[in-house]
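**Q** I have a structure here, written as structure tokens, and I will follow up with some questions on it.
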Amino acid sequence: MTLDSVLVANRGEIAARVLRACRELGIRGIAVHVAGDTPHVPWADAAVEVPSYLDGAAIVEAAREAGAAAVHPGYGFLSENAPFARAVTEAGLVFVGPDADVIELMGRKDRAREVAERAGVPVMPRYDPGAVPADAYPVLVKAAAGGGGKGMHVVRDPKDLGHALTTAAREARAAFDDDTLLVERYVEGGRHVEVQVFGDRQGHVVHLLDRDCSVQRRHQKVVEEAPAPGLDPEVRDRIRSAAVALCREVGYVNAGTVEYLVHGDEAYFLEMNTRLQVEHPVTEEVTGTDLVHWQLAVAAGEPLLLGQDEITEHGHAIEVRVYAEDPYAGFLPQAGRIREVWWPGARVESVIEDFDAADVSAAFDPMIAKIVTTGDDRDEAVDAMVEALDMTAVFGIRSNVGFLRRVVDSARFRAAEMDTGWLDTAPEELLSLPVVPEDAAACAARLLWPRPADGWRLAGPAAPLLLPVVDEEGERHEITSWSDHVLPATTDGARAWVAVRGETHVFERPDGTRRPRAVHAGDAEVTAPMPGTVIAVEVEQGDRVEAGQRLGAVEAMKMELALTAAHAGVVTEVAATVGRQVRMGDLLFHVEARED
Numbered sequence: 104m105t106l107d108s109v110l111v112a113n114r115g116e117i118a119a120r121v122l123r124a125c126r127e128l129g130i131r132g133i134a135v136h137v138a139g140d141t142p143h144v145p146w147a148d149a150a151v152e153v154p155s156y157l158d159g160a161a162i163v164e165a166a167r168e169a170g171a172a173a174v175h176p177g178y179g180f181l182s183e184n185a186p187f188a189r190a191v192t193e194a195g196l197v198f199v200g201p202d203a204d205v206i207e208l209m210g211r212k213d214r215a216r217e218v219a220e221r222a223g224v225p226v227m228p229r230y231d232p233g234a235v236p237a238d239a240y241p242v243l244v245k246a247a248a249g250g251g252g253k254g255m256h257v258v259r260d261p262k263d264l265g266h267a268l269t270t271a272a273r274e275a276r277a278a279f280d281d282d283t284l285l286v287e288r289y290v291e292g293g294r295h296v297e298v299q300v301f302g303d304r305q306g307h308v309v310h311l312l313d314r315d316c317s318v319q320r321r322h323q324k325v326v327e328e329a330p331a332p333g334l335d336p337e338v339r340d341r342i343r344s345a346a347v348a349l350c351r352e353v354g355y356v357n358a359g360t361v362e363y364l365v366h367g368d369e370a371y372f373l374e375m376n377t378r379l380q381v382e383h384p385v386t387e388e389v390t391g392t393d394l395v396h397w398q399l400a401v402a403a404g405e406p407l408l409l410g411q412d413e414i415t416e417h418g419h420a421i422e423v424r425v426y427a428e429d430p431y432a433g434f435l436p437q438a439g440r441i442r443e444v445w446w447p448g449a450r451v452e453s454v455i456e457d458f459d460a461a462d463v464s465a466a467f468d469p470m471i472a473k474i475v476t477t478g479d480d481r482d483e484a485v486d487a488m489v490e491a492l493d494m495t496a497v498f499g500i501r502s503n504v505g506f507l508r509r510v511v512d513s514a515r516f517r518a519a520e521m522d523t524g525w526l527d528t529a530p531e532e533l534l535s536l537p538v539v540p541e542d543a544a545a546c547a548a549r550l551l552w553p554r555p556a557d558g559w560r561l562a563g564p565a566a567p568l569l570l571p572v573v574d575e576e577g578e579r580h581e582i583t584s585w586s587d588h589v590l591p592a593t594t595d596g597a598r599a600w601v602a603v604r605g606e607t608h609v610f611e612r613p614d615g616t617r618r619p620r621a622v623h624a625g626d627a628e629v630t631a632p633m634p635g636t637v638i639a640v641e642v643e644q645g646d647r648v649e650a651g652q653r654l655g656a657v658e659a660m661k662m663e664l665a666l667t668a669a670h671a672g673v674v675t676e677v678a679a680t681v682g683r684q685v686r687m688g689d690l691l692f693h694v695e696a697r698e699d
């Protein structure tokens, strides 16, 4: 079979990645897009507008009308949706992924557990949600359907189980239309290690080494690397061979990932992702393969491009995910206009080109890019990533670039002593608001002030230069020399954005018209942190609340954002109602501070 045309049922960087691979292979690439979301379209030979990336029927019809021979789902959206995969094949098209029955079987964590047990893969102890033994804690509540960390909550105290079950069920129902939950043993200090697997129609199955994805925040991966560092050789062999056995058990075809929780010499099956992973580039870098090329070849009926003995390991690779979010405000997702980006000389996966502008929508995941570095060993790869992040800048909107640099340059990461709970209890040095460096202010002064004379005077000593700039917090910086030091920076004439060690600092001249940002701690008003939908209201007018108590929640950018009281007091106003669409800054609750 020859695949002469492929429709990519996705958006953003993964759509561009697959479309680029199609172009490299001489395959006609067809993009789908919703109205106003076209950054990935330039990589396509044709494009079709659809109502939604989740409208499977519309996407299948678009593929038929565009003359596609196959559909590649990317990741997220419909990539692990069995009915969609089935609809693609029933329309006479090739689905670039496993069979629908396998997606259905392995896409549910409860059924996947049963398959793993049959294949001899160790699994975590499981408990009835209504009868968790007192000595079982901590436990992990997680959605049986879907993935991506949605519907997952660690419970350490029995009194918190009910709330976790209610919240997880709501999240799972919203994300996957299925609120079935699992409750399993949770291992403190465990590592998230996964094995890349691949199968073909001829019955061959191989693994392409392993990856470590332990650097997570609230079950969302932040940094990934290959191979997993510091694994016991026996554990490494065991998880790789178990992953292959699991695939053979279900007749797995195309790309997949088997995920484990590893603690010392213990390794337990977590789940299987029946699709390409976000972090696949690190595997490509250390194996010298192109996994999208492999996917398309296998979908065309060809055997695997390499046998197990031909897959070798070369060096080390690290990937970081660049997000539009504010790490110093609870990782709040950001939406708005990116004025300009600066990318390093490393591998970058993004639909935003170097020095371009772009819009970040609140309607989609806030990931902007993935940056990948390599080295002959892990130390070289880490050093390369620190250097890459030093040369990366996202201007005009807040991002996590500086936070990523702190993470990969930390002593704990350099020593490969990460676990899945590390960032959720991150040390102060990772999350403290960065101090504005003087070299950033000096660079801003160069951009905001015309080049001055040297201050020479005929009848006296040279007059001192004074080039004042004001940072976002309203602090004035008196610059006394015009700096030629080059840093990633840009200006609109009134403001200057300067990046130092990944952190972006914004300045203006003292007579600028833009007011510096003010931060008010302990305000009585609880407002919407960004545009979204109210999904929970948990207090009523007149209720007494404690500092930090949850009042409700807003869903934005596929995330649930808790709304909490800044101080103890009484709820004097509840303006939030479930289902209400809110704008950033809309008043939702008012809590009058009271000590009695």
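Note that my numbering has the sequence shown beginning at 104, numbered continuously upward. Ideal Cβ positions, reconstructed from N, Cα and C, are used throughout, including at glycine.
#1: ASN503 to TYR426, Cα distance in whole Å?
#2: What residue range does the beta strand (DSSP E) around ILE421 cover?
#3: If we ignore side chains and look at the alpha-carbon of each, how far apart do ARG341 and SER453 end up?
#4: Specify the secondary structure class of GLU220 as computed by DSSP and reduced to three states.
#5: What is the DSSP secondary structure of ARG617, reduced to helix, strand or coil?
#6: Count the CB pairs spanning the stretch 408-415 and the stretch 207-215 that are closer than 8 Å, and state whether there are at least three.
#7: From VAL485 to PRO330, what distance separates their C-alpha atoms?
#8: Would you be able to state if there are at least three C-beta pairs under 8 Å between the stretch 533-545 and the stretch 467-478?
#9: If you measure between the beta carbons of VAL657 and THR636, is that distance less than 8 Å?
#10: Kindly indicate which three-state DSSP category HIS180 falls into: helix, strand or coil?
#11: For the beta strand (DSSP E) containing GLY635, list its first residue and its last residue.
#12: Span of the alpha helix (DSSP H) holding TRP397?
#13: Which same chain residues end up closer than 8 Å to ALA204 when comparing Cβ atoms and leaving out the 5 residues on each side of it in sequence?
#14: Apart from the five residues just before and just after SER603, which ones in its own chain have a Cβ nearer than 7 Å to its Cβ?
#15: Do LEU550 and ALA592 have their CB atoms nearer than 8 Å?
#16: How about the stretch 450-468 and the stretch 269-287: do they share at least three Cβ pairs that are nearer than 8 Å?
#17: Please report the straight-line C-alpha distance between ARG321 and MET255, rounded to a whole angstrom.
#18: Return the first residue and the last residue of the beta strand (DSSP E) that LEU360 is part of.
#19: Only counting the same chain, and skipping five residues up and downstream in sequence, which positions put a Cβ closer than 6 Å to that of ALA547?
#20: Report the residue from CYS316, GLN305, LYS245, ASP260 whose alpha carbon sits nearest the alpha carbon of ALA239.
#21: Rounded to the nearest angstrom, what separates ARG131 and ARG189 at their Cα positions?
#22: Out of SER513, THR269, PHE498, HIS175, state which residue places its alpha-carbon closest to the alpha-carbon of MET488.
#23: Under 8 Å, Cβ to Cβ, is there at least one residue of chain D near PRO634?
#24: Quick one: what's got a C-beta closer than 8 Å to VAL218's C-beta in the same chain, skipping five residues either side?
#25: Quick check on DSSP: helix, strand or coil for VAL685?
#26: Below 8 Å between beta carbons: does that hold for TRP445 and ASP459?
#27: Ignoring anything shorter than 4 residues or poking outside the stretch 526-607, list the alpha helix (DSSP H) runs there in chain order.
#28: Taking ALA112 as the reference, give the member of GLU328, MET104, LEU157, TRP146 with the closest Cα.
#29: What is the DSSP secondary structure of PRO436, reduced to helix, strand or coil?
#30: Mind checking which residues open and close the alpha helix (DSSP H) that includes HIS266?
#31: Here's a check: name, in chain order, each residue in its chain whose Cβ is nearer than 8 Å to the Cβ of THR392, leaving out the five neighbours to either side.
#32: Please state the DSSP three-state secondary structure of VAL347.
#33: Please determine, among VAL109, VAL381, LYS262, ARG229, the residue with the shortest C-alpha to C-alpha distance to PHE180.
#34: The beta strand (DSSP E) that contains GLY655, what's its start and end?
#35: Roughly how many angstroms lie between the CA atoms of ALA134 and LEU399, to the nearest whole one?
#36: Where ALA659 and GLN652 are concerned, what is the direct C-alpha to C-alpha distance, given to the nearest angstrom?
**A** Looking at the coordinates:
#1: Here residue 503 corresponds to residue number 400 of the sequence shown, with the count starting at 1. Here residue 426 corresponds to residue number 323 of the sequence shown, with the count starting at 1. Cα-Cα distance, rounded: 6 Å.
#2: Working through the sequence shown from its first residue, we reach residue 421 at position 318. Segment 419-426, the beta strand (DSSP E) holding ILE421.
#3: Start at 1 with the first residue of the sequence shown, and residue 341 comes out as number 238. Start at 1 with the first residue of the sequence shown, and residue 453 comes out as number 350. C-alpha separation (whole angstroms): 35 Å.
#4: As a first step, residue 220 must be located in the sequence shown, where it is residue number 117. Three-state result, GLU220: helix.
#5: One-based indexing of the sequence shown puts residue 617 at position 514. In this predicted model, ARG617 has a pLDDT of only 41, less than 50, meaning its place in the structure is not dependable; the value taken from the coordinates is given anyway. It is coil, neither helix nor strand.
#6: Fewer than three pairs of CB atoms, one per stretch, sit closer than 8 Å, so the stretch 408-415 makes no contact with the stretch 207-215.
#7: Within the sequence shown, the letter at position 382 stands for residue 485. Within the sequence shown, the letter at position 227 stands for residue 330. When rounded, the distance between both Cα atoms is 13 Å.
#8: no
#9: Mapped onto the sequence shown, residue 657 falls at position 554. Mapped onto the sequence shown, residue 636 falls at position 533. The answer is yes: Cβ separation under 8 Å.
#10: Counting from one through the sequence shown, the residue named residue 180 turns up at place 77. For clarity, residue 180 is Phe in the given sequence; the question names His instead. Three-state result, PHE180: coil.
#11: Along the sequence shown, one-based indexing puts residue 635 at 532. Here the beta strand (DSSP E) through GLY635 covers 635-640.
#12: For this step, residue 397 is matched to residue 294 along the sequence shown. Taken as a continuous stretch (DSSP letters only), the alpha helix (DSSP H) holding TRP397 covers 394-402.
#13: The residue you call residue 204 lines up with position 101 of the sequence shown. Note that residue 204 is Asp in the sequence shown here, rather than Ala. ALA185.
#14: Mapped onto the sequence shown, residue 603 falls at position 500. The sequence given here has Val at residue 603, not Ser. For VAL603, where only same-chain residues beyond five positions count, the Cβ hits under 7 Å are PRO540, ASP542, ALA543, LEU590.
#15: What you label residue 550 is simply residue 447 of the sequence shown in a count that begins at 1. What you label residue 592 is simply residue 489 of the sequence shown in a count that begins at 1. For LEU550 and ALA592, yes; Cβs fall inside 8 Å.
#16: no
#17: For the purposes of this step, residue 321 is identified with residue 218 of the sequence shown, where counting begins at 1. For the purposes of this step, residue 255 is identified with residue 152 of the sequence shown, where counting begins at 1. Answer to the nearest angstrom: the Cα atoms are 8 Å apart.
#18: What you label residue 360 is simply residue 257 of the sequence shown in a count that begins at 1. Note that residue 360 corresponds to Thr in the displayed sequence, not to Leu. Counting along the chain, the beta strand (DSSP E) containing THR360 begins and ends at 357-366.
#19: Here residue 547 refers to the residue found at position 444 when the sequence shown is read from its first residue. The answer, listed in chain order, is VAL572, ALA599, VAL601, PHE610.
#20: Along the sequence shown, read from residue 1 onward, the residue named residue 239 stands at position 136. Ranking CYS316, GLN305, LYS245, ASP260 by Cα distance to ALA239 puts ASP260 first.
#21: As a first step, residue 131 must be located in the sequence shown, where it is residue number 28. As a first step, residue 189 must be located in the sequence shown, where it is residue number 86. Straight across, the Cα-Cα distance linking ARG131 with ARG189 is about 23 Å.
#22: Mapped onto the sequence shown, residue 488 falls at position 385. Residue nearest to MET488 within the set SER513, THR269, PHE498, HIS175 is SER513 (criterion: CA-CA distance).
#23: Protein chain content of the structure displayed is limited to a single chain, and chain D is not contained in it.
#24: Taking the first residue of the sequence shown as position 1, residue 218 is located at position 115. Within the same chain, VAL218 has close Cβ partners LEU208, MET209, LEU349, GLU352, VAL353.
#25: Mapped onto the sequence shown, residue 685 falls at position 582. Here VAL685 sits in strand by DSSP.
#26: As a first step, residue 445 is located in the sequence shown; it is residue number 342 there, counting from the start. As a first step, residue 459 is located in the sequence shown; it is residue number 356 there, counting from the start. The answer is no: Cβ separation not under 8 Å.
#27: 531-534, 541-551
#28: The residue you call residue 112 lines up with position 9 of the sequence shown. The shortest Cα separation from ALA112 among GLU328, MET104, LEU157, TRP146 belongs to LEU157.
#29: The residue labelled residue 436 in the question sits at position 333 within the sequence shown. In the three-state DSSP reduction, PRO436 falls in the strand class (E or B).
#30: Position 163 of the sequence shown, counting from 1, holds the residue named residue 266. Run containing HIS266: 264-279, per the alpha helix (DSSP H) assignment.
#31: Reading the sequence shown from its first residue, position 289 is the one you call residue 392. Excluding sequence neighbours, THR392 sits near LEU311, THR386, LEU408, LEU409, ILE414.
#32: If you number the sequence shown from 1, residue 347 lands on position 244. DSSP, reduced to helix, strand and coil, places VAL347 within a helical segment of the structure shown.
#33: By 1-based counting over the sequence shown, the position of residue 180 is 77. Nearest of VAL109, VAL381, LYS262, ARG229 to PHE180, Cα basis: VAL381.
#34: Taking the sequence shown and counting its residues from 1, one reaches residue 655 at position 552. Annotation for GLY655: the continuous beta strand (DSSP E) segment containing it runs 653-659.
#35: To locate residue 134, count along the sequence shown from 1; it is residue 31. To locate residue 399, count along the sequence shown from 1; it is residue 296. Cα-Cα distance, rounded: 16 Å.
#36: What you label residue 659 is simply residue 556 of the sequence shown in a count that begins at 1. What you label residue 652 is simply residue 549 of the sequence shown in a count that begins at 1. If you take the alpha carbons of ALA659 and GLN652, they lie about 20 Å apart.
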